[in-house]
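Peer 1:
Numbering (UniProt numbering), first residue to last: 1 to 197.
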């Protein structure tokens with residue numbers, strides 16, 4: 001169950017950051033040409049708008065994420081993170097020892113914005129930078145013990161909240177599998193769009 005909540009938050013962050021225009025165009029708020037203009041690059045979105053169920057799916061993911069973020073953590077030890085900080089921490093927990101350029105590419109953050117995020121996380125003792133094993137000039141980023149415990153604590157609270165809200169988990173495996181496919185697809189589409197521009 002914990003993996004599903006982390007995946008949900010990653011997908012939601014991505015939808016907020018990269019797909020708001022696509023969701024809005026589906027709802028008739030923004031046209032496809034406006035989406036391309038706002039993105040400033042060739043759109044990787046399909047020519048046809050997704051059917052109503054996919055629009056509902058995206059809308060629900062955004063709403064669920066907002067509701068999760070409204071909740072205060074019950075533990076005083078929990079460190080709240082901005083959406084960008086959360087994306088970076090989730091990535092580093094999956095890929096400890098990543099170099100900054102890889103984190104930027106995977107998270108969709110500009111290098112200058114990533115530098116600011118990394119400084120903030122480092123100042124709060126959630127990550128540490130280490131010299132590379134093969135090249136001392138290369139910097140690798142790792143979650144600290146505090147960063148790891150904070151991530152586990154926050155995920156536990158997310159799991160408790162979402163589990164209570166769902167009232168059961170009969171379809172949880174299928175939901176997690178779908179969210180993982182959507183996450184992988186959204187990241188792939190974003191990265192393909194970045195390479196095309």
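Glycine residues also receive a C-beta, built at the ideal position from the N, C-alpha and C atoms.
Could you pull out every residue in the same chain whose Cβ sits closer than 6 Å to the Cβ of residue 118, ignoring the five residues on either side in sequence?
Peer 2: Answer for residue 118: no residue qualifies.
Peer 1: Just to confirm, are residue 157 and residue 91 a CB contact at a threshold of 8 Å?
Peer 2: Cβ atoms of residue 157 and residue 91: not closer than 8 Å.
Peer 1: Among residues of its own chain, excluding the 5 on either side of residue 128, which ones have a beta-carbon nearer than 6 Å to its beta-carbon?
Peer 2: Closer than 6 Å at the Cβ level, and outside the excluded window around residue 128, lie 142, 144.
Peer 1: Quick check: the Cα distance between residue 166 and residue 55, rounded to an integer number of angstroms?
Peer 2: The straight-line gap from Cα to Cα measures roughly 21 Å.
Peer 1: Please report the straight-line C-alpha distance between residue 161 and residue 60, rounded to a whole angstrom.
Peer 2: Straight-line Cα distance between these residues: approximately 16 Å.
Peer 1: DSSP on residue 187, reduced to helix/strand/coil?
Peer 2: Three-state result, residue 187: helix.
Peer 1: Would you kindly report the start and end of the unbroken beta strand (DSSP E) that includes residue 143?
Peer 2: Run containing residue 143: 139–143, per the beta strand (DSSP E) assignment.
Peer 1: Judging by CA-CA distance, which residue of 58, 112, 121 is the nearest neighbour of residue 86?
Peer 2: It is 121.
Peer 1: Quick check: the Cα distance between residue 174 and residue 180, rounded to an integer number of angstroms?
Peer 2: Roughly 10 Å between the two C-alpha positions.
Peer 1: Within its chain, find whatever has a CB closer than 7 Å to the CB of residue 153; leave out the 5 residues flanking it on each side and keep chain order.
Peer 2: The answer, listed in chain order, is 75, 77, 78.
Peer 1: For residue 115, which residues of its own chain have a beta-carbon under 8 Å away from its beta-carbon, when the five flanking residues on both sides are left out?
Peer 2: Once the five neighbours on either side are set aside, the close Cβ partners of residue 115 are 100.
Peer 1: For the alpha helix (DSSP H) holding residue 122, just list the boundary residues, first then last.
Peer 2: Here the alpha helix (DSSP H) through residue 122 covers 111–123.
Peer 1: Please report the distance separating the alpha-carbon of residue 168 from that of residue 176.
Peer 2: Their backbone Cα atoms lie some 14 Å apart in a straight line.
Peer 1: I'd like the span of the alpha helix (DSSP H) that includes residue 131, first residue to last.
Peer 2: Here residue 131 belongs to no alpha helix (DSSP H); instead the beta strand (DSSP E) covers 127–131.
Peer 1: Using only the alpha-carbon positions, how far apart do residue 57 and residue 184 sit?
Peer 2: Answer to the nearest angstrom: the Cα atoms are 16 Å apart.
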